[in-house]
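2 protein chains.
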Amino acid sequence: MTATLAALTNDQVRLAARPTGLPKASDWQHTSEAVAEPAEGGLVVKTLMLSLDPAMRGWMSEGKSYIPPVGIGDVMRGGGIGVVIASKHPTIAVGDTVSGGLGVQEYATFQGDQAKRAGIVKIDLRLGTASQWLNVLGMPGMTAYFGLLDVGQPRVGDTVVVSGAAGAVGQTVGQLGKIKGCRVVGIAGGPAKCRWVVDELGFDACIDYKAGAPQGAPGRDAVRDGLKEHCPDGVDVYFDNVGGEILDAVLARLKRKARIVICGAISQYNNTTPVQGPKNYLSLLVNRARMEGMVVFDYADRYHVAITELGSYLRDGRMKSREDIVEGGVAAFPDTLLKLFAGANFGKLVLKVADA
Amino acid sequence: MTATLAALTNDQVRLAARPTGLPKASDWQHTSEAVAEPAEGGLVVKTLMLSLDPAMRGWMSEGKSYIPPVGIGDVMRGGGIGVVIASKHPTIAVGDTVSGGLGVQEYATFQGDQAKRAGIVKIDLRLGTASQWLNVLGMPGMTAYFGLLDVGQPRVGDTVVVSGAAGAVGQTVGQLGKIKGCRVVGIAGGPAKCRWVVDELGFDACIDYKAGAPQGAPGRDAVRDGLKEHCPDGVDVYFDNVGGEILDAVLARLKRKARIVICGAISQYNNTTPVQGPKNYLSLLVNRARMEGMVVFDYADRYHVAITELGSYLRDGRMKSREDIVEGGVAAFPDTLLKLFAGANFGKLVLKVADA
Chain A
18 MTATLAALTN
28 DQVRLAARPT
38 GLPKASDWQH
48 TSEAVAEPAE
58 GGLVVKTLML
68 SLDPAMRGWM
78 SEGKSYIPPV
88 GIGDVMRGGG
98 IGVVIASKHP
108 TIAVGDTVSG
118 GLGVQEYATF
128 QGDQAKRAGI
138 VKIDLRLGTA
148 SQWLNVLGMP
158 GMTAYFGLLD
168 VGQPRVGDTV
178 VVSGAAGAVG
188 QTVGQLGKIK
198 GCRVVGIAGG
208 PAKCRWVVDE
218 LGFDACIDYK
228 AGAPQGAPGR
238 DAVRDGLKEH
248 CPDGVDVYFD
258 NVGGEILDAV
268 LARLKRKARI
278 VICGAISQYN
288 NTTPVQGPKN
298 YLSLLVNRAR
308 MEGMVVFDYA
318 DRYHVAITEL
328 GSYLRDGRMK
338 SREDIVEGGV
348 AAFPDTLLKL
358 FAGANFGKLV
368 LKVADA
Chain B
18 MTATLAALTN
28 DQVRLAARPT
38 GLPKASDWQH
48 TSEAVAEPAE
58 GGLVVKTLML
68 SLDPAMRGWM
78 SEGKSYIPPV
88 GIGDVMRGGG
98 IGVVIASKHP
108 TIAVGDTVSG
118 GLGVQEYATF
128 QGDQAKRAGI
138 VKIDLRLGTA
148 SQWLNVLGMP
158 GMTAYFGLLD
168 VGQPRVGDTV
178 VVSGAAGAVG
188 QTVGQLGKIK
198 GCRVVGIAGG
208 PAKCRWVVDE
218 LGFDACIDYK
228 AGAPQGAPGR
238 DAVRDGLKEH
248 CPDGVDVYFD
258 NVGGEILDAV
268 LARLKRKARI
278 VICGAISQYN
288 NTTPVQGPKN
298 YLSLLVNRAR
308 MEGMVVFDYA
318 DRYHVAITEL
328 GSYLRDGRMK
338 SREDIVEGGV
348 AAFPDTLLKL
358 FAGANFGKLV
368 LKVADA
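Given below as C-alpha cells:
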C-alpha cells in the first residue's frame, strides 16, 4: 500500500500572514509537497472532508487564547474526516475512517504520537454520515451538548434562546433543548433559515435578525421585537454564538437566575475595532443571572457520552442535521471560510476534499 | 410618650425630579411636616443615622430594576438606625434601637404592616455600634458576605480582587477573603485608602486606580500594571463594585474557571451615555469563567447567619470597620450623597441625623 504514496502530491493551504479584519487571499499560501511515508507507529490519512468553523478565525490571530495560534507558514489547522491509506499504527488500519486534526491538506502523515495529539480517532459510519461526524457527532455537536446541558442547565419548561440557530452548533442546541422539554426560540439570518429551523427542526419560533435591517447589520429592532413576541416571560437560557447587538438584546430580556452560555462571538471575530462589550451586562445584576464561557475541549473525556446520546437521536429521527457541503478541494478553502462570516452558509459548513 | 409627638416637626428630603447624570439640588425637595401618631400596631422611630449607598442612584431612575424607583414627591428611600419613641407595636417597644427603611427623614411613623415591609428589626448594640449596623452588620456586610461566599465561592489559596476596597462592601469582602484563607488584592482611589486597606485591614496589596491618571478618570495603566504585579498568576475571584475600565482590566487577567461577582458599577451610575460594556468579556470564554450578578435581598432569610459570623469577627478583632460619618442632619443628604460618586468617602458613608 505504502508503495503508491510516492506517486501522490499533497496540496495544502498554509497561513501566510495574520489577517486584519476578514482574511484575504494574500493571507494564504497554496503549496504542494510529496506525501511522507509513515515511520513505525505512524499513519497516513487521505482527507475526505474538512470542517470550517468560526473558531478558525481566532486560531489565525496572535493573542492569549485557549489554544496557541497557527504559526506563519504552517498548514492551517482544521478538523476533518479521512480514510487511512497507509499505516504502521498499532490500532488504526488501512481502510479505517478517522476523524481529527488533519489540517487543510489532502493528505496528513502522522508520526510517533502526532496522531494522538491531533485527536485522530476511528469513527463508526453506522452512527452517522461522514459529514454528520463533523456536525452533530463532531465538535459542533459536542459544543452544543456540553454547553447547553452542563453550562446552560436547562430545566423542563425553560425558555431557551440560541443564536446562529441554523448553524452547526445552533441546530443541535435547539433540537436538544426541545428533546429536554424546553421552549426553544432561534435567531437566524433570513426567512429560509428561520423556516427550516421551525418547520424541520421543530423550534417553537425563530427570529430573523436580518429583517428590516440594512445589508449585513443585525436588525436591532427585529431581534428586540422578536424576543418580546416569542419570549413574553423572558429568557432562562441563552446560548450565544454571535455576541454584539444580539447579545445585548437578549440581556435586556433575561429572567431571574438566567444563564448565558458564551460559546462564541462571530459578529466580533473580524473586527478591526475593539470588541463590542455587552452594554446591558448590568441586567446580570438586576436578574441575578450569570454569563459563563465554555471551551469544548474541556469535555473530551465525556465525548463518548454525548456521541452515544446524540447518535441515538439521529437514528430514531428525533434529531436532524444539515450540512452545507462545498465542493472544490483544499484550494477552495479560503473563499469557503468567508461564507461563515457573511452568514452565507446554511447548516454546518463542510469542504469536500475527495471521494472516499 | 406619644403626647410629645405633636410638638415635633419632621424634616424630610423628597425626590423632586429624576436626575440626568449626577443628582443636583433641584432634583430634591426639602419638606417639614408633623409627626404622625401611631395607630394600633404602629410605631414612630427617631432617625439617628442614615446609610448612603451607590444603589440610591438607581432608585432615583425609571427603568426595570430589582426594586421599583422612588416616586416623584416621595420621601427618598434610605436605610438607617433609629430609636423607637412611640409604640403601639406588639413586639417593638419605646427605647428599642431598630434598623430598617426609615427614609431620608427625621422621624418615621409606621402603621399596620408598614414596619414589617420596611424591614424594621430590633438590633443589639452589643454586637456592634450603630454605624457598624449600617456597615459590616448591615446591607454592605450582607452583600459582601453572600456575594463573596455564595457567588464568588473562594477556595483557600485563591487570589481575590475587590474594587471599591475601602468602601462599605469592599472592606468586608477583603477581610472576609483573608479570614477564608485567600490572597486579597484591593483596588481603591488614592494612597491613603490603599495604605489603610493593607496596613489596617491586612489585604496583601492594594492598587491605587488614580495613580498617574488624569483627574477623576481611572488610571487604566495603573490598574493593569498593578494586577500584573500583584496577581502574577491571575485572578480567581473578582468582586466588582465599579464596572467600567477596571472591570475590563481584571477580565484581561482571569484565571481558568474564575468567578466575577457583579455587585455594582458605580462608575456607570451617573452616565448620560450608555453603560460601557466590558469589551474583554470574551475572556470568559477563553478562561471558562463566569460573571454573575447578585442582589442582597435574596439572602434575607440567612442574614442572621452572616450577622452572627461577622459579629464574632468584629468582637475578636479579626475584622475592622471604618465609617465616614458626616454631621449635618437630613438637610445635608443631597451634598453628602455626591461624595460617593466622587469616591470622596473613606469607609462606609453615613449621615448622622440625631444623637441617641
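Chains A and B, in that order, give the protein sequences. Residues in the first sequence are numbered from 18 upward in steps of one, following the working numbering. Residues in the second sequence are numbered from 18 upward in steps of one, following the working numbering. Positions of the beta carbon are idealized from the N, C-alpha and C atoms, including for glycine. Note that the coordinates shown come from a computational prediction; the quantities given were computed from them, not determined experimentally.
Residue i - DSSP class collapsed to helix/strand/coil
{"i": "Cys-211 of chain A", "result": "helix"}
{"i": "Ile-89 of chain B", "result": "coil"}
{"i": "Val-312 of chain B", "result": "coil"}
{"i": "Tyr-226 of chain B", "result": "coil"}
{"i": "Lys-272 of chain B", "result": "strand"}
{"i": "Ala-34 of chain A", "result": "coil"}
{"i": "Met-18 of chain B", "result": "Any reading at Met-18 of chain B needs caution, since the residue's pLDDT is 47, under 50, leaving its predicted position unreliable; the model's value is listed next. Of the three classes helix, strand and coil, the one that applies to Met-18 of chain B here is coil, per DSSP."}
{"i": "Asn-288 of chain B", "result": "coil"}
{"i": "Thr-353 of chain B", "result": "helix"}
{"i": "Val-190 of chain A", "result": "helix"}
{"i": "Glu-340 of chain A", "result": "strand"}
{"i": "Val-111 of chain A", "result": "coil"}
{"i": "Lys-369 of chain A", "result": "strand"}
{"i": "Ala-72 of chain A", "result": "helix"}
{"i": "Glu-54 of chain A", "result": "coil"}
{"i": "Phe-163 of chain A", "result": "helix"}
Neighbour list for residue i in chain B, Cβ cutoff strictly below 8 Å
{"i": "Pro-291 of chain A", "result": "Lys-296"}
{"i": "Val-312 of chain A", "result": "Leu-302, Val-303 and Arg-305"}
{"i": "Ala-299 of chain A", "result": "Checking the sequence shown, residue 299 of chain A turns out to be Leu, not Ala. In chain order: Gly-260, Ile-279, Ala-282, Gln-285, Val-292 and Gly-310."}
{"i": "Asp-315 of chain A", "result": "Arg-305"}
Distance between beta carbons of residue j and residue i, contact taken as under 8 Å
{"i": "Ala-103 of chain A", "j": "Leu-60 of chain A", "result": "6 Å"}
{"i": "Cys-280 of chain B", "j": "Val-186 of chain B", "result": "6 Å"}
{"i": "Phe-363 of chain A", "j": "Asp-341 of chain A", "result": "5 Å"}
{"i": "Leu-271 of chain A", "j": "Ser-300 of chain A", "result": "5 Å"}
{"i": "Pro-40 of chain B", "j": "Met-77 of chain B", "result": "7 Å"}
{"i": "Val-178 of chain B", "j": "Val-252 of chain B", "result": "5 Å"}
{"i": "Gln-128 of chain A", "j": "Ala-56 of chain A", "result": "5 Å"}
{"i": "Cys-223 of chain B", "j": "Ala-205 of chain B", "result": "6 Å"}
{"i": "Gly-136 of chain A", "j": "Lys-105 of chain A", "result": "Their Cβ separation, rounded to whole angstroms, is 19 Å, which puts Gly-136 of chain A and Lys-105 of chain A out of contact at 8 Å."}
Closest by C-alpha distance to residue i, when choosing among the options
{"i": "Ile-283 of chain B", "options": "B:Gln-149, B:Glu-217 and B:Ile-263", "result": "B:Ile-263"}
{"i": "Val-367 of chain B", "options": "B:Pro-36, B:Asp-113, B:Ser-68 and B:Arg-35", "result": "B:Ser-68"}
{"i": "Val-87 of chain B", "options": "B:Val-121, B:Asp-318 and B:Ala-56", "result": "B:Val-121"}
{"i": "Val-101 of chain A", "options": "A:Val-138, A:Glu-79 and A:Ile-89", "result": "A:Val-138"}
{"i": "Val-115 of chain A", "options": "A:Tyr-162, A:Lys-63, A:Tyr-83 and A:Lys-365", "result": "A:Lys-63"}
{"i": "Gly-174 of chain A", "options": "A:Leu-65, A:Ile-196 and A:Val-240", "result": "A:Ile-196"}
{"i": "Gln-29 of chain A", "options": "A:Trp-45, A:Arg-74 and A:Asp-315", "result": "A:Trp-45"}
{"i": "Thr-189 of chain B", "options": "B:Phe-220, B:Gly-206 and B:Arg-212", "result": "B:Phe-220"}
{"i": "Glu-309 of chain A", "options": "A:Tyr-255, A:Gly-346, A:Asn-152 and A:Thr-289", "result": "A:Tyr-255"}
{"i": "Asp-113 of chain A", "options": "A:Trp-213, A:Asp-141 and A:His-47", "result": "A:Asp-141"}
{"i": "Gly-7 of chain A", "options": "A:Pro-171, A:Leu-193, A:Ser-180 and A:Arg-143", "result": "The structure shown has nothing for residue 7 of chain A, since chain A only spans 18 to 373."}
{"i": "Asp-70 of chain A", "options": "A:Glu-344, A:Ala-53, A:Ala-228 and A:Gly-181", "result": "A:Gly-181"}
{"i": "His-47 of chain B", "options": "B:Val-92, B:Cys-211 and B:Ala-53", "result": "B:Val-92"}
{"i": "Glu-217 of chain A", "options": "A:Lys-337, A:Ala-42 and A:Gly-346", "result": "A:Lys-337"}
{"i": "Ser-49 of chain A", "options": "A:Pro-351, A:Val-347 and A:Asp-352", "result": "A:Val-347"}
{"i": "Tyr-226 of chain B", "options": "B:Val-215, B:Gly-328, B:Arg-241 and B:Trp-213", "result": "B:Arg-241"}
{"i": "Leu-65 of chain A", "options": "A:Ala-361, A:Arg-172 and A:Gly-345", "result": "A:Gly-345"}
{"i": "Ser-82 of chain A", "options": "A:Lys-245, A:Asp-352, A:Lys-133 and A:Met-311", "result": "A:Met-311"}
Beta-carbon proximity check, residue i vs residue j, cutoff 9 Å
{"i": "Glu-123 of chain A", "j": "Asn-27 of chain A", "result": "yes"}
{"i": "Leu-119 of chain A", "j": "Ala-125 of chain A", "result": "yes"}
{"i": "Gly-97 of chain B", "j": "Val-370 of chain B", "result": "yes"}
{"i": "Ala-275 of chain B", "j": "Asn-297 of chain B", "result": "no"}
{"i": "Asn-287 of chain A", "j": "Gly-95 of chain A", "result": "no"}
{"i": "Ala-147 of chain A", "j": "Ala-349 of chain A", "result": "no"}
{"i": "Gly-164 of chain A", "j": "Val-153 of chain A", "result": "no"}
{"i": "Thr-176 of chain A", "j": "Val-201 of chain A", "result": "yes"}
{"i": "Ala-42 of chain A", "j": "Leu-25 of chain A", "result": "no"}
{"i": "Leu-354 of chain B", "j": "Met-73 of chain B", "result": "yes"}
{"i": "Gly-75 of chain B", "j": "Lys-365 of chain B", "result": "no"}
Neighbouring residues, chain A, relative to residue i (Cβ below 9 Å)
{"i": "Lys-41 of chain B", "result": "Under the 9 Å cutoff, chain A gives no residues; its nearest Cβ is about 23 Å from Lys-41 of chain B."}
Cross-chain neighbours of residue i in chain A, by beta carbon under 7 Å
{"i": "Tyr-83 of chain B", "result": "Val-303"}
Contact test: residue i Cβ vs the ligand ADP heavy atom, cutoff 8 Å
{"i": "Ala-266 of chain A", "result": "Of the ligands one can find in the structure shown there are none, so the ligand ADP has no counterpart to examine."}
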